[in-house]
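Residue numbers (UniProt numbering): 1 to 676. All C-beta atoms, glycine included, are put in the ideal place defined by N, C-alpha and C.
Okay, structure coming up:
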């Protein structure tokens, strides 16, 4: 028996060790090993009977074909065990096809090879040499390859029945490629000596077993555990409803009480199983929260049946493999039947619903605030961010895209908040940095932000403030206060003593409200909506004014200008109190009455940039014309307030005119009364 016996023992030992190493139930492992040995002995007896009947061949050839068949039978037997463990759906044609062919292919191959050998010419296979037979060799080749293909197709059917993953199919395919290569080596007689052939066979068989072992260790621990009769019977007869779910959240097992709770109907999916649970979405969400660090969760659930609804205490726990690998989940439903317990359960449900309502209010309140707010956990990962903070940080995508991402907080802040309850920090944020770009921000600028951080129980509340925007708002507030305070003082000054001309006071107030550097401002009185006379000019010194008067040949304050008839549009703008942006230079400003050369010289002296005119009016009456010349290199930042200024001045001049009219009538009335 020499090498043949050794070969047989090696294969049997590998199979025995494989089962022994991977099955925790030693009795079941021993039963399977003994069953495999009995099956092999039965096949050996069957082959001997064929020899006795004259159908077989010379003993050396018999042993070679017999040992070849062993390498087919052992993986086939193991594959059949895998089918049982995976519990493929019975009744499917490919399920029965795979089970039957996994045993029949080796037996049929031995029978066919024996039958073909009986028709071959009388030749012998000597030890040390393979003598090819013209009739047998081509048919051996085709038959081996055909049966290999048939076996592979049958196994793919089994894989589909067992719902394997893509990686499983890949590993099984590699194993069968090893079978196919072994067939090719045997058929083409690459191994000349049978001793060498006996070396190739166990090596290829070991490769096949290795890939089967990978598949087994990855997938079948939970299935094999449930295949133990004792454990299966225990779960089946357990008084409490039990539900077992695989790690991919697919339904695996329901015991008898759980099936009764489902109305005697066996659900096909986990979703169908939890349809009768009132708060099913919350219940399913608990599976995602289970982890090796948090292996248990519980929830009070109500399950509807045909007659009434029952309250259960659902206890969820993970099934762990080695190295904290989750194999599945076990859910036990404990009924809450007593009146007190039921009352407490209903109270807990009410409190839970109130908590959910409060969470909704809390969520809506945060997102409705105009103040930018961010909530993080203790690891500084974002858990909540409202729309105002999203807008400030320039996050244009959905808020969910940044939930869970780290907030780019400097380490010095984290260290300081470790000991303090509340602090304020001001940072110069560069939004082009990689850490901020990770939050999908669309901002590419630099901004000064204030972070007001408050430590909560298990979170950080962060209130953001744009300091640049705050400074702008502060400037606006100061400007508004100055604007109305100055106008109030001007109103009192003019109306308390309306007789003196108000023009100097108006321009002084204008310069107080709009302290614009590089600005020349003038105000002209308008009579009968036609005659315009400059009454006051500020922003130039006396020497400059003298040069202008010398150039014009007259005093500038005694220069009445008549609005031409074709300036009807400009006159309408004056009556409306709207700002008119002068684009025609000094010629347009003086209604084209200036000599072009003089106008060019004046523009060279003044260097005007933007020029604006504003009619100060009430109704259809134009009281005055305000002209603002901004020199080149300067800007008018508060231009939007200029129209409001003109409107207020128009009311003041209107009240002054009414007051003067009353004062003029008063002496004449007194004189008339004295004459009487």
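(request) Give me the Cα-Cα distance between residue 320 and residue 330, rounded to the nearest whole angstrom. (result) The residue you call residue 320 lines up with position 320 of the chain shown. The residue you call residue 330 lines up with position 330 of the chain shown. About 11 Å.
(message) Taking only three categories from DSSP, how would you classify residue 606?
(response) As a first step, residue 606 must be located in the chain shown, where it is residue number 606. Here residue 606 sits in helix by DSSP.
(message) For residue 276 and residue 394, I'd like the C-alpha separation in whole angstroms.
(response) Position 276 of the chain shown, counted from the start, is the residue given in the question as residue 276. Position 394 of the chain shown, counted from the start, is the residue given in the question as residue 394. Approximately 44 Å, taken between the alpha carbons.
(request) For the beta strand (DSSP E) containing residue 465, list its first residue and its last residue. (result) As a working mapping, residue 465 is identified with position 465 in the chain shown. Residues 459–466.
(message) Looking at the secondary structure, which residues open and close the beta strand (DSSP E) in which residue 316 lies?
(response) Here the question's residue 316 lines up with position 316 in the chain shown. From DSSP, the beta strand (DSSP E) with residue 316 extends over 309–320.
(message) Checking 8 Å against the spacing of the C-beta atoms, do residue 623 and residue 526 come in under that value?
(response) Start at 1 with the first residue of the chain shown, and residue 623 comes out as number 623. Start at 1 with the first residue of the chain shown, and residue 526 comes out as number 526. Between residue 623 and residue 526, the C-beta gap is smaller than 8 Å, which places the two residues in contact.
(request) In angstroms with no decimal places, state the Cα-to-Cα distance between residue 515 and residue 376. (result) Walking along the chain shown from the start, residue 515 turns up at place 515. Walking along the chain shown from the start, residue 376 turns up at place 376. The alpha-carbon atoms of residue 515 and residue 376 are separated by roughly 46 Å.
(message) Please return the same chain residues whose Cβ sits closer than 8 Å to the Cβ of residue 354, not counting the five positions on each side in sequence.
(response) Position 354 of the chain shown, counted from the start, is the residue given in the question as residue 354. Result list for residue 354: empty, nothing under 8 Å.
(message) Quick check on residue 743: buried or exposed, where buried means 16 or more other Cβ atoms within 10 Å of its Cβ?
(response) Nothing about residue 743 can be read from this structure; the chain reaches only from 1 to 676.
(request) Output the distance between the C-alpha atoms of residue 462 and residue 291, rounded to the nearest integer angstrom. (result) Stepping through the chain shown from its first residue, residue 462 is reached at position 462. Stepping through the chain shown from its first residue, residue 291 is reached at position 291. So the alpha carbons of these two residues sit roughly 29 Å apart.
(message) Tell me which residue opens and which closes the beta strand (DSSP E) that residue 328 is part of.
(response) To locate residue 328, count along the chain shown from 1; it is residue 328. For residue 328, the enclosing beta strand (DSSP E) stretches over residues 326–335.
(message) On the DSSP bridge list, what partners appear for residue 245?
(response) Numbered from 1 along the chain shown, position 245 holds the residue referred to as residue 245. In the DSSP output, where bridge partners are listed per residue, residue 245 has 251 and 329.
(message) Using 8 Å as the cut-off, can you tell me whether the segment 377–386 makes contact with the segment 401–409, which would need three or more C-beta pairs spanning the two stretches below that distance?
(response) The answer is yes - the segment 401–409 touches the segment 377–386, with three or more Cβ pairs under 8 Å.
(message) So the candidates are 451, 441, 401 and 437; which of them puts its Cα closest to the Cα of residue 424?
(response) Translated into positions along the chain shown, residue 424 becomes position 424. Taking only the C-alpha atoms, the option nearest residue 424 is 451.
(message) Can you tell me whether residue 431 is helix, strand or coil according to DSSP?
(response) Position 431 of the chain shown, counted from the start, is the residue given in the question as residue 431. It is coil, neither helix nor strand.
(message) According to DSSP, simplified to helix, strand and coil, what is residue 455?
(response) Here residue 455 refers to the residue found at position 455 of the chain shown. Shown here, residue 455 sits in a strand according to DSSP, grouped into three states.
(request) Count the C-beta pairs between the segment 581–592 and the segment 609–616 that are closer than 8 Å, then say yes if the count reaches three, no if not. (result) Touching, yes.
(message) Starting from residue 513, trace the alpha helix (DSSP H) in both directions and tell me its first and last residue.
(response) As a first step, residue 513 must be located in the chain shown, where it is residue number 513. According to the DSSP assignment, residue 513 belongs to the alpha helix (DSSP H) that extends over 503–513.
(message) Looking at the strands, I want to know which residues DSSP matches up with residue 615.
(response) Within the chain shown, numbered from 1, the residue matching residue 615 stands at position 615. Paired residue(s): 625.
(message) Rounded to the nearest angstrom, what separates residue 627 and residue 639 at their Cα positions?
(response) As a working mapping, residue 627 is identified with position 627 in the chain shown. As a working mapping, residue 639 is identified with position 639 in the chain shown. Their Cα atoms are separated by approximately 13 Å.
(message) Less than 8 Å between the beta carbons of residue 439 and residue 392, yes or no?
(response) In the chain shown, residue 439 corresponds to position 439, counting from 1. In the chain shown, residue 392 corresponds to position 392, counting from 1. No. Outside cutoff.
(request) Compute the distance between the beta-carbons of residue 296 and residue 317, then report whether it is under 8 Å. (result) Sequence index remark: in the chain shown, residue 296 carries index 296 (1-based). Sequence index remark: in the chain shown, residue 317 carries index 317 (1-based). Pairing residue 296 with residue 317 gives a Cβ-Cβ distance under 8 Å.
(request) Give the range of the alpha helix (DSSP H) segment to which residue 550 is assigned. (result) Along the chain shown, one-based indexing puts residue 550 at 550. Membership of residue 550 in the alpha helix (DSSP H) is indicated by the continuous run 542–552.
(message) Here's a check: name, in chain order, each residue in its chain whose Cβ is nearer than 8 Å to the Cβ of residue 91, leaving out the five neighbours to either side.
(response) As a working mapping, residue 91 is identified with position 91 in the chain shown. At residue 91 the pLDDT is 41, less than 50, meaning the model places this residue with poor confidence and gives no usable figure here.
(request) Rank 349, 447, 269 and 563 by C-alpha distance to the C-alpha of residue 279 and give the top, closest one. (result) On the chain shown, residue 279 is found 279 positions in, with the first residue counted as 1. Comparing Cα-Cα distances from residue 279 to each of 349, 447, 269 and 563, the minimum goes to 349.
(request) Check the C-beta distance from residue 490 over to residue 509 and give it rounded, since I have them as a contact under 8 Å. (result) Within the chain shown, residue 490 is the residue found at index 490, counting from 1. Within the chain shown, residue 509 is the residue found at index 509, counting from 1. Under the criterion of beta carbons closer than 8 Å, residue 490 and residue 509 qualify as touching, at roughly 4 Å.
(message) At the level of alpha carbons, what is the spacing between residue 476 and residue 637?
(response) Position 476 of the chain shown, counted from the first residue, corresponds to residue 476. Position 637 of the chain shown, counted from the first residue, corresponds to residue 637. Going from the Cα of residue 476 to the Cα of residue 637 covers about 11 Å.
(message) Between the alpha carbons of residue 662 and residue 650, how many angstroms are there, rounded?
(response) In the chain shown, the residue the question calls residue 662 occupies position 662. In the chain shown, the residue the question calls residue 650 occupies position 650. About 19 Å.
(request) Mind checking who residue 536 pairs with in its DSSP beta bridge? (result) Taking the chain shown and counting its residues from 1, one reaches residue 536 at position 536. Note: residue 536 sits in a beta bridge opposite 523.
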